[in-house]
Structure formats: C-alpha cells, structure tokens
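Here the sequence shown stands for residues 10 to 483, where the numbers follow this note's numbering.
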Amino acid sequence: MPSKGVDVYAYIAVPGCAVEVSVPKHSVRLTDLRRFHKVSMEVDARAISSFFDKRGRFTFKVFHDGALVTEQWINVNALTGNASDGTMDVIAKTPAIFYRDKLAVCYGLYEAGAGHGGLPSRHQCYVTVAPIYENYIRDLAPPGSPLENKPFARFVLPSPHDVGMNSMSSTEAVLKRVGGAVVAELIHNHRYITRLADALSGRAIALLAPNIVFSLAITQKDTLETLLRIGARYFEFRPARLHKSIIPTGALTPAERHYFQHSAIPGMPYDEFLRGVVSFLRSHPAEIIVIQLRWDGVPTDVCTPPTAEEKRRHLDDALRGSDIVAGNLDDMRRKTVAQLRKDKKRLIVLDSVDSLSTYGDDTYATLNGDSILASLPGVLKKENQRGKAFVNIQCQATPSNIPKAVAHSVLEAGSTNSCLLATKGICDHKILPWVRDNVLNTIELDHLVVLMNDWLEGATVDVAARLSKQRLER
10 MPSKGVDVYA YIAVPGCAVE VSVPKHSVRL TDLRRFHKVS MEVDARAISS
60 FFDKRGRFTF KVFHDGALVT EQWINVNALT GNASDGTMDV IAKTPAIFYR
110 DKLAVCYGLY EAGAGHGGLP SRHQCYVTVA PIYENYIRDL APPGSPLENK
160 PFARFVLPSP HDVGMNSMSS TEAVLKRVGG AVVAELIHNH RYITRLADAL
210 SGRAIALLAP NIVFSLAITQ KDTLETLLRI GARYFEFRPA RLHKSIIPTG
260 ALTPAERHYF QHSAIPGMPY DEFLRGVVSF LRSHPAEIIV IQLRWDGVPT
310 DVCTPPTAEE KRRHLDDALR GSDIVAGNLD DMRRKTVAQL RKDKKRLIVL
360 DSVDSLSTYG DDTYATLNGD SILASLPGVL KKENQRGKAF VNIQCQATPS
410 NIPKAVAHSV LEAGSTNSCL LATKGICDHK ILPWVRDNVL NTIELDHLVV
460 LMNDWLEGAT VDVAARLSKQ RLER
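Here is the structure:
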C-alpha cells in the first residue's frame, strides 16, 4: 500500500520536556536532552481505516513536566503525498511559542513533493525546545560577576541569516502596485532565476511572483522582537533604496526610505529595524547587540545604499531618547562586557568589516549539507583567522544556487515548499553537532564567533550559549 514519509528533527534543551511525534498507529516520544534526534515515520494507507479518505494526521506535541505546551499537526494524504489543512500548512503562520517564561518552541514543516531536482521526497519537520534566551548576555555574564570582566569577544552570538527577509509584506506591497512581472527585474542578477524568467512570459512570471520571492528570499518567519527573545544578538543588514524602477510607482513610501535588500527584493525597512533593536536594548539593560552593515549581492547601481550622512542620521534617530551609545569594531574586539556596559556601548555597529566566513558559493550549494560539513575544518584553520574582525559560521545551505531545485521551488512550490526550508532540519542535524564539538578548540579566544542560520531556532541558540559559557570560563 502507498505511504508518504515524514522526517522529524528534534532538539530538547529544557529538563522535564518531551516531544511526541505521531502518525496513524505509530508514535515516538523523545526526552533526551541536547541530542539531535531524527525520527523517520510513514503515513501508511494501511493504517488509515477509511476506504475513501486516505489522509492521516502527522502530529507533534511538546510537554513540560507532563503538561501539554503545544500540539501542531497537518494532514498527509498517503496516496498523493500532499500535506494540507492543519496548523503547519503555511510556514509564515508557524511562529515561535513562548511558554510561561520557561521555554521557547520553534518549528516548521517543509512539504515535500516527489523529490524532483534532488529535493527531499519526504516531508521535513523540525522542532526545538530551548530556554528563552531573552537575556542571553546577562545570563552568561551577569553584572557584577567575574565573567563580566572577560572580553566580549569570547561570546558566540546567535544570528538569523538575512533577518530583513522575515516577511513578504514589503514585496507584496510592490507586487500589488506594479504587478508580478517586475520580479524578473528585481532578481536580474540571480543567474538561475534569470534564465527561468527569460524562458517564461511576463504573465507567467507575474503569476509565479510570490513563489519566486518566497523560494529565493524568505529565510526567517518570526518578528524581530521574537528573534531577539529567542536569543539573536548579531545581525547583518543590507540597507538600500528601492529599485529605481519601483520608486516612481509609489508602491512603498517615502521614496528615500532604505530597506533590507535581497538582491533587489525589498524586506524590512532599516529605520524600523534599528528602532526595534534599540527598543529591545532599552528594556533589557544588560544586553549587547552587534549589527554589521554590508551590501553583498545588492545591485547598488539600481538600489542606492545610504550615504555616510544618512547612516549617521538613521542611527541618531534610533538612539534618540535613550542612553545607549553606538560602539565600534575596536570596542567589540578589545573591551570586556563590563566596560561596554559601563560605557553604555551596548549597540556595536560595524560597516563592511573584514570577517572570516565559512560561506562559499560551491560548498553551500547543497541539499544535504555534506559539502558544508567537509569544508569547515579547512576554512576555519588558525591561519585563516588572523587579521579578521570575527568568525562567522554559517549553518544554512543555499539550494537557491542549484538550478533544478530552484526551478522546482518556483514552478511547483507553495507556501511550505521553499527549497531553503527543505534543507533546514537536514543541515542542522549535521552542522550544529560539529560546531558544538569543534569550535572551542578551533576558533581563537580573541575572535568573536557568530553562529548564523536560516529560520533561527532554539538549537542554534542553545549551542551558541553553551559555547559562550565555555569560552568565557577559559
């Protein structure tokens, strides 16, 4: 009889918690702490009593001290493999869940097709249960403690990759005003999508526009405030004005506003991002956040970056009314946590500084993470760290650089089928254990470490927190 597979990747970092996953006539309960669990299940037609309706429910439940924290589910058709209805049918509607100030549950589901283009043929679900790291810096280096006098550079900072692409709202406003055909122009420097756009009519591109954007650009699903509560403390932001062809349409106003740019696809406004970060710092007086401005991949000839004066004005506007002072690279590298707090330099702002990143176009163009894993020891050699401002370990794959995977995501995918989401659980299951086991003896203590990931969740943050504690105690 036909069936559809579901792979579940789970991580539990809170004592007393359990994750229970189930399909018709089969369930598994996970309790081991800080283990990267993988469970493979089948929604089997033989286990579904109805003769005509062969949909079976895939469910996961999270418990804390026996109490139900959350239950999430989706119906899986054992005949067609389709996943529908339920609470996980749209990735944008699966926000992190905070439970009684004790824990954060982060989760997501990739709806798999038949495995075209090398993409998974089994549905992929990830779920993490971790402490709420809302006071990440404070709890690891408490004010007045000996650890507060350690260099801030000892920290490993969790980071959401492309934080500004956590929503379709800016792009949807553009599409509503000027139509979907404009997407071909916005992604003109993506070599694989450009070929696809050239092969399709303007009408076809217009119809596919939301899928194109979602498959290529959306890498987060939680709000900035939620990401900060999960534990994010480092952000890369690529602010620039809207594409020159969009500005005259008035799709987004005012015209001089700067947005996060993924290629030329607009995301979160820069001023909104800065206000959110400063607001969080004001309400969390022991926290420290690092921001790095850069413009990798942004077509600056058509998306104008802010001038030095505009960058200063954005920062001044965000800091106005607070006692927070902007710090710089020297502050980040040389000062202790206590000194940064005393000097009120709790917002470190970097601008295109030279860091050591593990990212490479070839090694990160993967659907299983193996090439990333194999590359890490070589990239992170001690000699490569010399002279670099910090080390950025990127955990997320970039299947958007794989032509067949992109074509499938764009032509056939929906709101849970992004090729970026397809690799989330698979890569985390391989990359994060390597980071946990190797960073302490691989990265020099005087180099701050960034741990970056798509769909930032509790496992990434918990690994970073435990490494931070070990580095601070050395």
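Cβ coordinates follow ideal geometry from the N, Cα and C atoms, glycine included.
Here the structure is a predicted model, which means the values were calculated and not measured.
Query: Bridge partner(s) assigned by DSSP for residue 5; Result: Not covered by the structure: residue 5. The range shown for the chain is 10 to 483.
Query: Alpha carbon of residue 398 to alpha carbon of residue 65, nearest angstrom; Result: 51 Å
Query: Spatially closest choice to residue 435 from 461, 406 and 453, by CA coordinates; Result: 406
Query: Identity of the residue in 351, 370, 245 and 261 nearest residue 459 by Cα; Result: 245
Query: With 16 other Cβ atoms within 10 Å as the buried cut-off, status of residue 157; Result: buried
Query: Where residue 184 sits in the DSSP three-state scheme; Result: helix
Query: Reference residue 478; option with closest CA among 28, 155, 32 and 168; Result: 155
Query: Cutoff 8 Å: residue 375 Cβ touching any chain B Cβ; Result: The structure shown contains no chain B, having only a single protein chain.
Query: Extent of the continuous alpha helix (DSSP H) run through residue 86; Result: First-last for residue 86: 76-86, but that is the beta strand (DSSP E), not the alpha helix (DSSP H).
Query: According to DSSP, residues forming a beta bridge with residue 61; Result: Answer is none; residue 61 lacks a bridge partner.
Query: Under the three-state DSSP convention, the category residue 29 falls into; Result: strand
Query: Exposed unless 16 or more other CB atoms sit within 10 angstroms - verdict on residue 105; Result: buried
Query: Beta strand (DSSP E) segment containing residue 47, residue limits; Result: 46-53
Query: Residue 360 - DSSP class collapsed to helix/strand/coil; Result: strand
Query: Contacting residues, own chain, Cβ-Cβ under 7 Å from residue 110 (five flanking each side not counted); Result: 141
Query: Residue 201, DSSP secondary structure in three states; Result: Any reading at residue 201 needs caution, since the residue's pLDDT is 48, under 50, leaving its predicted position unreliable; the model's value is listed next. Of the three classes helix, strand and coil, the one that applies to residue 201 here is helix, per DSSP.
Query: Segment contact flag, the region 125-133 with the region 230-247, C-beta cutoff 8 Å, min 3 pairs; Result: no
Query: Rounded separation between residue 456 and residue 476 - CA only; Result: 13 Å
Query: Contacting residues, own chain, Cβ-Cβ under 8 Å from residue 144 (five flanking each side not counted); Result: 293, 295 and 296
Query: DSSP-derived helix/strand/coil call for residue 177; Result: coil
Query: CB of residue 311 within 8 Å of CB of residue 242, strictly; Result: no
Query: Cβ-based neighbour list, residue 304, same chain, cut-off 6 Å, excluding 5 preceding and 5 following; Result: 247 and 314
Query: Where residue 169 falls: helix, strand or coil (DSSP); Result: strand
Query: Integer-rounded CB distance, given that residue 445 should sit under 8 Å from residue 163; Result: Not a contact, Cβ separation roughly 17 Å.
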